[in-house]
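Undergrad: Before I ask anything, let me first share the structure, which is written out below as C-alpha cells.
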Amino acid sequence: SQTIHQWPATLVQPVGSPLSLECTVEGTSNPNLYWYRQAAGRGLQLLFYSVGIGQISSEVPQNLSASRPQDRQFILSSKKLLLSDSGFYLCAWSVGDNQPQHFGDGTRLSIL
Amino acid sequence: AQSVTQPDIHITVSEGASLELRCNYSYGATPYLFWYVQSPGQGLQLLLKYFSGDTLVQGIKGFEAEFKRSQSSFNLRKPSVHWSDAAEYFCAGSNDYKLSFGAGTTVTVRA
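For the record, the sequence lines run as chains A and B.
Read in my numbering, the first sequence has 9 at position 1, and its numbers run on one by one without any break.
Read in my numbering, the second sequence has 12 at position 18, and its numbers run on one by one without any break.
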C-alpha cells in the first residue's frame, strides 16, 4: 500500500532563517506531488505541484520554493523565512490529474 | 472562476442525530468532487469521491454524498453522528491537476 511521510511534525524557526521540509511517498511510482499551506481557520492554499522529477509549478509567488530531486521526494524550502510563512504545511500525492489526493500528517511551522 | 463553496462555517449536532454539510460548486463542466475530513493537527483523510455515474456516493465512516447537477451541490450526510465525527470537513473540486478546496465546516458533537 502507499504511504506518505512528512517531517518534521513541528518546527519553530526565527525570522530570516532557512527552511527545509521533506516529503516522501512509498508504494507508487511517478506520483503527482503537491505542497499546500493551511492558515489558521482557513482552507488549503496550493503552493506547488509536480508531475515529475525536476518539474515544479508554482501557484502563488512567494518566499518559498520547491524541488523534486527524486521521483518520490518533494522538498519545500526557503532561504529566509518571514513571519507570514507561519502555518500548517501539508504534502499530498495523487496517481494523476483529477484523482484523489492523499495527504501527509503535516508540519506546524511557527516563525518567531 | 472555478470554485467550491461551503456556506456553513460551524455546525453543532447532538450525538446520534443526523448531519448534513453543504457544498456548492462553480465549474463550467461537471468537476470531480471530493469530501475530506481533518482532525485537529492532522492531515486530510479522503471520505468519498464523485467522478460520474450514480449520484449517490458512499464513503468511509458511514458518510454519503449526493451530487445534484440542478443545484450545483454535493452535500455530505451521515444518518447518525458519533462523538468521533467532531472534526473539520472540506469539500473539494477538480477538473485538471488542481484541487480547489472550500473554506471548511467545523463540526462539533455534543453529548
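Built from N, CA and C at the ideal position, the CB exists for glycine as well.
I'd like to confirm the pairing. Which residues does DSSP put opposite residue 104 of chain B in its beta bridges?
TA: B:8, per the DSSP bridge assignment.
Undergrad: At a Cβ cut of 9 angstroms, what residues of the region 70 to 93 of chain B count as close to chain A, listed as they run along the chain?
TA: Correct list: 84, 86, 88, 89, 90, 91, 92 and 93.
Undergrad: I'd like to know if residue 36 of chain B contacts chain A, where contact means its C-beta is closer than 8 angstroms to some C-beta of that chain.
TA: It does; some Cβ of chain A falls within 8 angstroms.
Undergrad: Give a yes or no on whether 8 angstroms exceeds the smallest Cβ distance from residue 13 of chain A to chain B.
TA: False, the Cβ-Cβ gap to chain B never drops below 8 angstroms.
Undergrad: Just list the beta strand (DSSP E) runs in the region 32 to 101 of chain A, keeping only unbroken ones of 3 residues or longer that don't cross its boundaries, in chain order.
TA: Segments of the beta strand (DSSP E) lying fully in the region 32 to 101 of chain A: 40 to 46, 52 to 60, 63 to 66, 73 to 78 and 81 to 86.
Undergrad: Report the neighbours of residue 50 of chain A on chain B: residues whose CB is nearer than 7 angstroms to its CB, in chain order.
TA: Within 7 angstroms Cβ-Cβ: 97.
Undergrad: Taking residue 21 of chain B as the query, report the chain A residues whose CB atoms sit under 8 angstroms from its CB, ordered along the chain.
TA: By Cβ distance, chain A contributes nothing, its closest Cβ being about 12 angstroms from residue 21 of chain B, past 8 angstroms.
Undergrad: Could you pull the DSSP bridge partners for residue 110 of chain A from this structure?
TA: Residue 110 of chain A is bridged to A:101.
Undergrad: Report the residues of the region 65 to 84 of chain A with a CB closer than 7 angstroms to any CB of chain B, ordered along the chain.
TA: Those would be none; no residue qualifies.
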